[in-house]
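See structure below.
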Amino acid sequence: MLGTSHPFKPKFGGNKKQFLPLPATFSRIQKFQRKNLVYIIVTVVVIYLFFNPISALSGWIHSSSVHKYPPPHPLTSKNEIITTSKYIYPPIEHAPLLKELTVHKLVKETRVRDPNFPEVEKTLIRSLNVFDDPNPLLQKQIEDEENAVSDLDKAKNFFKNQDKVVFRPNSLKNYPEVIIVSAVDFQKYTLDGLTKIVQNRVDYAHSQNYGVYVRWYQEFLPILNSLSYLQIKEKAKWVRLYCMRAAMHAFPHAKWFWYIDEDGLIMDLNINIQQYILDEDALNPIMQHEVPIIPPGGAIKTYKNARADSIKLIITQSDQKVETHSFLMKNDPVGRAILDIWGDALYLTYPNFPYGPDSALTHILQWHPFILSKTTIIPARTISAAHTNAEGLDPKADKYHYFKGDFIVQWGECETPKACEKVLDKYHPFIEKKN
Amino acid sequence: MSSNKRFSYARTGDETLEDGELTAASHKDEPLKPKSKNSLVWKVNYVVGSASSQFMGFAIRHKKILLGVITLVCLSLFTNVPLIPHFRTASPNVVIILAANEGGGVLKWKSPQEWSVERSSIANKKHYAKTHGYGLTIKDMTIKKRYSHEWRESWEKVDILKQTMRQFPETEWFWWLDLHTYIMEPQIPLEQHFLNNLENATYRTLDTFNPLRVSTDLPYVDYTSPIDMIITQDCGGFNLGSFLLRRSSWSEMLLDIWWDPAMYEQMHMQWEHKEQDALETLYTTQAWIRERIGFLPLRKINAFPPGACSDSADDPQFFFQDHDFVINMAGCEWGRDCWGEMEHYKALGKKLHKKWWHLW
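Line by line, the protein sequences give chains A and B.
Take 0 as the starting number for the first sequence in numbering that gives the first Met the number 0 and just add one per residue.
Take 0 as the starting number for the second sequence in numbering that gives the first Met the number 0 and just add one per residue.
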């Protein structure tokens, strides 16, 4: 309309003589406008189709989650006790008091009948934490009052609270990358022996800037759900897995967790486990490929082409079976999943596993190729050299027993608490201290 | 041959050693005898240059046509707009796994009704997969010898999932559908239905709906992990008639651990629904399983017809209502009429999607 009836003319100037000519494209200005409209529409359509700003907008609106889920919590309680010390261990000096109290006072036993099988009576073992006041401040107040009155109550309260202790530093800088995990049994070693064992872990962690996580064996009775399990050597081994899992909760950002059983000592505090085993360059050459899971002739073998960067579980082997006196686990979703399934309640109660978690692991590795591909067996003398009384062994040829200069010694085969303590005392003076 | 010769001729500068000449000399020679007019490189340059200038000329003259072509190509390659052919080379984002022939094989003949049900179900999924560019794989579940031991019955599901994950190595989501399902709203893509808004569409703890009465609390469970498996619950517990699994090391591990002989030996008397019960047990006891399973309301991907879940027939949360996404005629082979139900829902789907200008 504009263009046809009243062609565009400069507003000013009129009939006067112009001092500047009109721009060359001036008369095509309307055409330009129509063209622009087409371009604008096409651009808008293209932008809409490709970037879909409305759905992007709606996505942005929806992005805040409507659900709130509870945070992860420790085994027996929903509350945590936060510490900034990377050495987490129970007060060892309470050992005689705990022995005096006996396990019956440290856990709650109830007799229940299964609704489906009312004729069978079962014992249910629960942690004393179930009787905690839901308000942690109030609970602390109550415990403080008890602790002031009686040493036995104090030991009991510390015992039940140890599960809640987690490491939450103010900053993630300097976070320990490896955590040494041990479970100790106050009914097996004397106070002196326990002190030596825990001090050894702490000394090592201190010299290498690692963390320590130590728990009492008896604290895991609620999972074992049977007092007899701790009396049987092979069944007590299950505690290793549950202690490890608790450690992973206490140190969520550590990279590796190293379980060393109480029947063992770190003999050389100068060796850095990461440089020695965990780094890819260190692990690749010592991984044992195509080794039967059940030596010497088992049908299932470790993978030929396994690589260090995919390994989540590092174990050793004796000449009869896989061993878990000392093993390493990676702290990532797959590592935690392997640990969880390994300690499953159905394996725990399975009667055909004579060596407890060792048998369960043998079974898992033989039936589940995914887990086998994430597991490696390394020579026993690296992290699990065994103590022996035999004389005249050849340190060059022997692949299993401890010789002077090895990193770790373990005496898991000792029969009685007294004998175990004797071996501990034999090795303790020879620990290589930090230079 | 001749072209080869010419090629080497054009590249004398590089092949001086073969010619036995000194490099320096040949380099010196080059400006003195310019062979560029005859050389292949020069010709190629000329052809490319003239073609591109011609193309530029064409592009400038026919801007609108060019713009239209580019738009069409982009729409075809990057969108799902109808009426344009879509060429896809990339593997699909979602693969639908349809279990056909369940329990079939040597035990009995397939009746005409069963054939018909199978045809309808497959056609329905094919149409859906094609509309949204998803993959579809139809897996034969006939009874096989390797599953004939009572311990291995109905564990094919796990093997088929593993096999399909190998078959589509780039695909992220795998949607398992039983044969007796029918997608009632095929125009809805899964992304829009819930995948793009997974955290809000799903629930992870069983506080609100818990037919199995599983303990809602388990130590160490970290719900900040991503969701790798999406399932539904019906009146009797988990339902694996329609579920999704995401490719991840988690799902690899789940598929590996799902069937375990030591667990199954202890539980095979209680586990009537085999893999379903096994998953329920894993969910009950294993923190790593629990933290990556998300639940959708049943009607979102797995609505039931009135015949199923007859014990809680008055609970509307289980049963199909108009415009629910998928109907699952679960258990229709046990005393109900699969074919009748399938035909009913097929007809209903047609009726619900009748265009307003179709008067009859």
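All C-beta atoms in this analysis are idealised placements derived from N, C-alpha and C, irrespective of residue type, glycine included.
Source: prediction; values computed, not measured.
(Q) Taking its Cβ as the centre, do 16 or more other Cβ atoms sit within 10 Å of residue 301 (chain B), making it buried, or is it exposed? (A) Against the second sequence, residue 301 (chain B) aligns to sequence position 302. Buried: at least 16 other Cβ atoms inside 10 Å.
Q) Unbroken alpha helix (DSSP H) runs of length 4 or more, entirely within the region 308-358 of chain B: which are they? A) 337-351
(Q) Please tell me whether, using a cut-off of 6 Å, the distance from the CB of residue 228 (chain B) to the nearest non-hydrogen atom of the ligand FAD is below it. (A) As for the ligand FAD, it is missing from this structure, which has no ligand bound.
Q. Distance, Cα to Cα, residue 420 (chain A) vs residue 92 (chain A)?
A. One-based indexing of the first sequence puts residue 420 (chain A) at position 421. One-based indexing of the first sequence puts residue 92 (chain A) at position 93. Approximately 17 Å, taken between the alpha carbons.
Q) From this set, B:92, B:229, B:250, B:218, which residue's C-alpha is nearest residue 79 (chain A)'s C-alpha? A) Taking the first sequence and counting its residues from 1, one reaches residue 79 (chain A) at position 80. Among B:92, B:229, B:250, B:218, the Cα nearest to that of residue 79 (chain A) belongs to B:218.
(Q) Tell me which residues of the region 168-181 of chain B have at least one Cβ-Cβ distance to chain A shorter than 8 Å, keeping chain order. (A) none
Q) Apart from the five residues just before and just after residue 210 (chain B), which ones in its own chain have a Cβ nearer than 8 Å to its Cβ? A) For the purposes of this step, residue 210 (chain B) is identified with residue 211 of the second sequence, where counting begins at 1. Only 232, 233, 234, 235, 236 meet the Cβ criterion.
Q. Taking C-alpha atoms, which residue in A:106, A:107, A:121 lies nearest to residue 113 (chain A)?
A. Within the first sequence, the letter at position 114 stands for residue 113 (chain A). Ranking A:106, A:107, A:121 by Cα distance to residue 113 (chain A) puts A:121 first.
Q: Find the residues of chain B that neighbour residue 354 (chain A), judging by a C-beta separation of less than 9 Å, and give them in chain order.
A: In the first sequence, residue 354 (chain A) corresponds to position 355, counting from 1. The contacting residues do not exist; residue 354 (chain A) stays about 14 Å from chain B at best.
Q: Quick one: which residues of the region 245-265 of chain A get their C-beta closer than 7 Å to a C-beta of chain B? List them in chain order.
A: 248
Q | Alpha-carbon to alpha-carbon, residue 67 (chain B) and residue 54 (chain B) | A | Here residue 54 (chain B) refers to the residue found at position 55 when the second sequence is read from its first residue. Here residue 67 (chain B) refers to the residue found at position 68 when the second sequence is read from its first residue. Taking the straight line joining both Cα atoms gives about 16 Å.
Q. Expressed to the nearest angstrom, what Euclidean distance is found between the alpha-carbon atoms of residue 287 (chain B) and residue 203 (chain B)?
A. Stepping through the second sequence from its first residue, residue 287 (chain B) is reached at position 288. Stepping through the second sequence from its first residue, residue 203 (chain B) is reached at position 204. The straight-line gap from Cα to Cα measures roughly 13 Å.
Q | Element boundaries [beta strand (DSSP E), containing residue 259 (chain A)] | A | Walking along the first sequence from the start, residue 259 (chain A) turns up at place 260. Residues 255-259.
Q | Contact residues within the region 177-210 of chain B, judged by C-beta distance below 7 Å to chain A | A | 195, 196, 198, 199, 202, 203, 204
Q: Sort A:423, A:172, A:141 by Cα distance to residue 262 (chain A) and report the nearest one.
A: Translated into positions along the first sequence, residue 262 (chain A) becomes position 263. When each option's Cα is compared against that of residue 262 (chain A), the closest is A:423.
(Q) Using a Cβ-Cβ cutoff of less than 8 Å, which residues in the same chain neighbour residue 73 (chain B) once the five nearest sequence positions on both sides are dropped? (A) Counting from 1 along the second sequence, the entry for residue 73 (chain B) is found at position 74. Nothing listed; no residue qualifies.
Q. At a Cβ threshold of 7 Å, is residue 94 (chain B) touching chain A?
A. Walking along the second sequence from the start, residue 94 (chain B) turns up at place 95. Closer than 7 Å: no.
(Q) If we define contact as Cβ-Cβ less than 7 Å, is residue 65 (chain A) a contact residue for chain B? (A) Here the question's residue 65 (chain A) lines up with position 66 in the first sequence. Answer yes: the Cβ-Cβ gap between residue 65 (chain A) and chain B drops below 7 Å somewhere.
**Q.** residue 112 (chain A): first and last residue of the uninterrupted beta strand (DSSP E) it sits in
**A.** As a working mapping, residue 112 (chain A) is identified with position 113 in the first sequence. Taken as a continuous stretch (DSSP letters only), the beta strand (DSSP E) holding residue 112 (chain A) covers 106-112.
Q) Are the C-beta of residue 313 (chain A) and some C-beta of chain B separated by less than 7 Å? A) Looking up residue 313 (chain A) in the first sequence gives position 314. Answer no: the Cβ-Cβ gap between residue 313 (chain A) and chain B never drops below 7 Å.
Q: Please determine, among A:251, A:106, A:379, the residue with the shortest C-alpha to C-alpha distance to residue 396 (chain A).
A: Here residue 396 (chain A) refers to the residue found at position 397 when the first sequence is read from its first residue. Out of A:251, A:106, A:379, A:379 has the C-alpha closest to the C-alpha of residue 396 (chain A).
Q.
Would you say residue 78 (chain B) lies against chain A (beta-carbon separation less than 7 Å)?
A. As a first step, residue 78 (chain B) must be located in the second sequence, where it is residue number 79. So yes, residue 78 (chain B) belongs to the interface.
**Q.** Limits of the alpha helix (DSSP H) - the one that residue 119 (chain B) falls within
**A.** Here residue 119 (chain B) corresponds to residue number 120 of the second sequence, with the count starting at 1. First-last of the alpha helix (DSSP H) with residue 119 (chain B): 111-131.
Q | Cβ-based neighbour list, residue 187 (chain B), same chain, cut-off 8 Å, excluding 5 preceding and 5 following | A | The sequence position of residue 187 (chain B) within the second sequence is 188, counting from 1. Correct list, in chain order: 324.
Q: List the residues of chain B whose Cβ lies closer than 7 Å to the Cβ of residue 346 (chain A), in chain order.
A: Along the first sequence, one-based indexing puts residue 346 (chain A) at 347. 261, listed in chain order.
(Q) Can you look up residue 257 (chain B) in the DSSP assignment and give me helix, strand or coil? (A) Within the second sequence, residue 257 (chain B) is the residue found at index 258, counting from 1. DSSP places residue 257 (chain B) in coil when its eight states are reduced to three.
(Q) Could you compute how far the alpha carbon of residue 437 (chain A) sits from the alpha carbon of residue 314 (chain B)? (A) As displayed, chain A neither begins before 0 nor continues past 434, which places residue 437 (chain A) out of reach and without an answer.
(Q) Closer than 8 Å is the cut-off here; do at least three beta carbon pairs connect the region 162-182 of chain A with the region 193-213 of chain A? (A) yes
**Q.** Short Cβ contact (7 Å threshold) for residue 139 (chain B) with residue 100 (chain B)
**A.** Position 140 of the second sequence holds residue 139 (chain B). Position 101 of the second sequence holds residue 100 (chain B). Yes, they are a contact pair.
Q.
According to DSSP, simplified to helix, strand and coil, what is residue 299 (chain B)?
A. Walking along the second sequence from the start, residue 299 (chain B) turns up at place 300. The answer is helix: DSSP assigns residue 299 (chain B) an H, G or I state.
**Q.** For residue 206 (chain A), the residue or residues it bridges with in DSSP
**A.** By 1-based counting over the first sequence, the position of residue 206 (chain A) is 207. Looking at the DSSP assignment, residue 206 (chain A) forms no beta bridge with any residue, so it has no partner.
Q. Would the beta-carbon of residue 169 (chain A) fall within 7 Å of that of residue 254 (chain A)?
A. Residue numbering aside, residue 169 (chain A) sits at position 170 when the first sequence is read from its first letter. Residue numbering aside, residue 254 (chain A) sits at position 255 when the first sequence is read from its first letter. No. Outside cutoff.
**Q.** residue 399 (chain A) versus residue 370 (chain A): straight-line alpha-carbon distance, rounded
**A.** Within the first sequence, the letter at position 400 stands for residue 399 (chain A). Within the first sequence, the letter at position 371 stands for residue 370 (chain A). Computed Cα separation, rounded: 25 Å.
Q. Per DSSP, residue 97 (chain B) forms a beta bridge with which residues?
A. In the second sequence, the residue the question calls residue 97 (chain B) occupies position 98. Note: residue 97 (chain B) sits in a beta bridge opposite B:137, B:176.
Q. Does the region 240-259 of chain A touch the region 213-229 of chain A, meaning 3 or more C-beta pairs lie closer than 8 Å?
A. yes
**Q.** Exposure label - residue 108 (chain A); buried when at least 16 CB within 10 Å
**A.** Against the first sequence, residue 108 (chain A) aligns to sequence position 109. When all chains shown are included, residue 108 (chain A) counts as exposed.
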